[in-house]
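Here the structure comes first, spelled out in structure tokens, and everything after it is commentary.
Protein chains: 2
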Amino acid sequence: MKDAGAGGRDRPGLSREKVLRKALELADRDGIAALSIRALAQGMGTKPMTLYYYVANKDQILDGLVDLVFTEIDTPEAGGEWKEQMRRRAHSAREALRRHPWAVGLLESRKAPGPATLKHHEATLGTLRAAGFTVQQTARAYSLLDSYIYGFALQEAALPIAGHEPMAEVAGPIMERFATGEYPHMVEIATQVVMQPGYDYGNEFAYGLELILSALEPAQ
Amino acid sequence: MKDAGAGGRDRPGLSREKVLRKALELADRDGIAALSIRALAQGMGTKPMTLYYYVANKDQILDGLVDLVFTEIDTPEAGGEWKEQMRRRAHSAREALRRHPWAVGLLESRKAPGPATLKHHEATLGTLRAAGFTVQQTARAYSLLDSYIYGFALQEAALPIAGHEPMAEVAGPIMERFATGEYPHMVEIATQVVMQPGYDYGNEFAYGLELILSALEPAQ
DNA sequence: GGAGTGTTTCGTACAATGTACGAACAGGGT
DNA sequence: ACCCTGTTCGTACATTGTACGAAACACTCC
Numbered sequence: 001m002k003d004a005g006a007g008g009r010d011r012p013g014l015s016r017e018k019v020l021r022k023a024l025e026l027a028d029r030d031g032i033a034a035l036s037i038r039a040l041a042q043g044m045g046t047k048p049m050t051l052y053y054y055v056a057n058k059d060q061i062l063d064g065l066v067d068l069v070f071t072e073i074d075t076p077e078a079g080g081e082w083k084e085q086m087r088r089r090a091h092s093a094r095e096a097l098r099r100h101p102w103a104v105g106l107l108e109s110r111k112a113p114g115p116a117t118l119k120h121h122e123a124t125l126g127t128l129r130a131a132g133f134t135v136q137q138t139a140r141a142y143s144l145l146d147s148y149i150y151g152f153a154l155q156e157a158a159l160p161i162a163g164h165e166p167m168a169e170v171a172g173p174i175m176e177r178f179a180t181g182e183y184p185h186m187v188e189i190a191t192q193v194v195m196q197p198g199y200d201y202g203n204e205f206a207y208g209l210e211l212i213l214s215a216l217e218p219a220q
Numbered sequence: 001m002k003d004a005g006a007g008g009r010d011r012p013g014l015s016r017e018k019v020l021r022k023a024l025e026l027a028d029r030d031g032i033a034a035l036s037i038r039a040l041a042q043g044m045g046t047k048p049m050t051l052y053y054y055v056a057n058k059d060q061i062l063d064g065l066v067d068l069v070f071t072e073i074d075t076p077e078a079g080g081e082w083k084e085q086m087r088r089r090a091h092s093a094r095e096a097l098r099r100h101p102w103a104v105g106l107l108e109s110r111k112a113p114g115p116a117t118l119k120h121h122e123a124t125l126g127t128l129r130a131a132g133f134t135v136q137q138t139a140r141a142y143s144l145l146d147s148y149i150y151g152f153a154l155q156e157a158a159l160p161i162a163g164h165e166p167m168a169e170v171a172g173p174i175m176e177r178f179a180t181g182e183y184p185h186m187v188e189i190a191t192q193v194v195m196q197p198g199y200d201y202g203n204e205f206a207y208g209l210e211l212i213l214s215a216l217e218p219a220q
């Protein structure tokens, strides 16, 4: 027998929910590459094949992870001013993707959107439509905003370990090339921007977002 | 002894170059997941371990692939009008990433930029600086443009097999949900935009790009 | 020729992965 | 007692990257 409903007790049984949540934890801690069925099973105190009762295969776990990440993104509300809604959505999306950098790479290959993902898209589209955007305009605005958000997250994920010891491993192998004077503009950026004391690439996100939001307008 | 220089005969020997080029071919044909050392060796008519004479490990192959892709992107020239340069660069980047969709996901994890990658970045930065952007502005403009380009490519790569049979596999599993009327705005977009006869998502790229380029201006 | 030296190929082996298959166990309903 | 349904897991296999070291080859010098 199932234990009542889909709520979820805590001690005894496993559940699809718990499997996914543990997978999220492991992916965050050790990276998505280290998320193996065996490691996941071990983390849950069970054996590999047990997981297959709750999940059809590993792809389904990855799909589930993506949907979990969408859970953490603010969904626009129907009533609010659209730019403010989009701003909130964008910032929370970026933050979620920074918390789970592996998710960006996953977006590419997943093709089974989960309920949270669908709900999120639906709400966002609704907000734009309600703001007066035509269907066409809505599609374009959405594409533009999401491209920027995902692209920024992608670049942020590609950075060295994000703030830990400003530059060192990355600088090492490249510095030789830099020393040749072959890349003066990259050096310029590196020294005058990136390596500056308080610099945090994440703060640049707002700049591009505001630029885009300023240029977007419904109807015309 | 080595055969004269690093030019590269064609018939007999292998070479790092040829390994990478074959890897590119296989990745394009069968997807990045199918690119195994064994498959690659077979494709070149040799045995797996032979490849390790030319390449230290598989990661180096992936790094090489990313750099190969950058090879296909137009590098801005020093003299030209900057917006036109950025436009060309952006379009050719998007096209390259559409030809090699797997490359988008690779950008995230690679941390050893190849010579083509570095040269490309350097030239782009140079063009912006020459156009009068300050160092700060250059960093921001570059980040904004690349975020949009990569993000768009990411979304394009996430689409179904791009134009082949407009919607079918994707529609199938989701249509049930759609039928419930739970996602009216997604249906709206799907029917009135995406499923329209001549629709090609790729064409939307120009819209966002022009919007961004219009809003970008050096100095102030 | 033969010996020596460097370059290139590859056979074998191992550890790690996803997962198919089917057995084992649990608990309730009859 | 029996079975039914839900859950756990042992074993096994194919596929992956690649370490190790030997073999095959090419070329120079005697």
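The listed protein sequences correspond, in order, to chains A and B. Under the UniProt record's numbering, the residue at position 128 of the first sequence is numbered 128, and the numbers go up by one with no gaps. Under the UniProt record's numbering, the residue at position 162 of the second sequence is numbered 162, and the numbers go up by one with no gaps. We treat Cβ as the ideally placed atom computed from N, Cα and C, and that holds for glycine. The structure displayed is predicted, hence computed values, not measured ones.
Span separating the alpha-carbon of residue i from that of residue j
i, j, result
"A/Trp82", "A/Asp200", "28 Å"
"B/Glu108", "A/Ala78", "34 Å"
"B/Tyr148", "B/Arg98", "14 Å"
"A/Gly163", "A/Gln155", "Only weak support exists for where A/Gly163 lies, its pLDDT of 48 falling under 50; the value from the coordinates is given anyway. Distance between the alpha carbons of A/Gly163 and A/Gln155 is about 14 Å."
"B/Met195", "A/Gly64", "27 Å"
"A/Ala168", "A/Met175", "Note on A/Ala168: pLDDT 49, under 50, position unreliable in the model; the coordinate value appears next. So the alpha carbons of these two residues sit roughly 10 Å apart."
"A/Arg177", "A/Gln85", "45 Å"
"B/Ala130", "B/Leu211", "22 Å"
"A/Leu213", "A/Ile37", "42 Å"
"B/Pro218", "B/Leu159", "35 Å"
"B/Gly105", "A/Tyr150", "12 Å"
"B/Leu26", "A/Thr127", "43 Å"
"B/Lys22", "B/Arg29", "10 Å"
"B/Ile58", "B/Lys18", "It is worth fixing the name first, because residue 58 of chain B is Lys in this sequence and not Ile. Those two C-alpha atoms are separated by around 15 Å."
"B/Gly80", "B/Ala123", "12 Å"
"A/Asp67", "A/Val135", "25 Å"
"A/Pro184", "A/Pro197", "21 Å"
"A/Tyr54", "A/Leu24", "16 Å"
"B/Phe152", "A/Tyr52", "35 Å"
"B/Val69", "B/Leu35", "16 Å"
"B/Leu40", "A/Ala215", "47 Å"
"B/His121", "B/Gly202", "24 Å"
"A/Ala190", "B/Ala112", "16 Å"
For residue i, the three-state DSSP class (helix, strand or coil)
i, result
"B/Phe133", "coil"
"B/Arg9", "The pLDDT assigned to B/Arg9 is 32, lower than 50, so where the model puts this residue is not dependable; a value taken from the coordinates is nonetheless given after this. The answer is coil: DSSP assigns B/Arg9 none of H, G, I, E or B."
"B/His91", "helix"
"B/Glu156", "helix"
"A/Gly64", "helix"
"B/Ile73", "coil"
"A/Met1", "Bear in mind that a pLDDT of 40 at A/Met1, under 50, signals an unreliable position, so the model cannot answer this."
"B/His121", "helix"
"A/Glu17", "helix"
"B/Glu81", "coil"
"B/Val55", "coil"
"A/Gln196", "coil"
"A/His185", "helix"
C-beta neighbour in chain B for residue i, strict 8 Å
i, result
"A/Val135", "yes"
"A/Asp63", "no"
"A/Phe152", "yes"
"A/Val193", "yes"
"A/Ala215", "yes"
"A/Met86", "no"
"A/Thr138", "yes"
"A/Ala162", "Because the pLDDT at A/Ala162 is just 48, under 50, the model does not fix this residue reliably, and the point stays unresolved."
"A/Gly105", "yes"
"A/Gly198", "no"
"A/Gln155", "yes"
"A/Leu26", "no"
"A/Gly80", "no"
"A/Gly45", "no"
CB contact below 8 Å: residue i versus chain A
i, result
"B/Leu211", "yes"
"B/Leu14", "no"
"B/Ala158", "yes"
"B/Arg99", "no"
"B/Ile73", "no"
"B/Ala168", "Here the model assigns B/Ala168 a pLDDT of 49, short of 50, so the residue's position is not dependable and the matter cannot be decided."
"B/Ile37", "no"
heavy atom of the ligand FMN below 7 Å from residue i C-beta
i, result
"B/Ala41", "Only the bare structure without any ligand can be found here, which leaves the ligand FMN out of the picture."
Quiz item: With contact counted as at least three CB pairs below 8 Å, one residue from each stretch, are the region 193-213 of chain A and the region 143-154 of chain B in contact?
Solution: Judged by Cβ distances under 8 Å, the region 193-213 of chain A makes contact with the region 143-154 of chain B, as three or more pairs qualify.
Self-check item: Touch test, the region 86-97 of chain B against the region 60-73 of chain B, Cβ-Cβ under 8 Å, three pairs minimum
Solution: Verdict: yes, contact present.
Exercise. Pair every Cβ in the region 106-121 of chain B with every Cβ in the region 39-58 of chain B, then say whether three or more of these pairs are closer than 8 Å.
Key: In this structure the region 106-121 of chain B does not touch the region 39-58 of chain B; the number of beta carbon pairs closer than 8 Å is below three.
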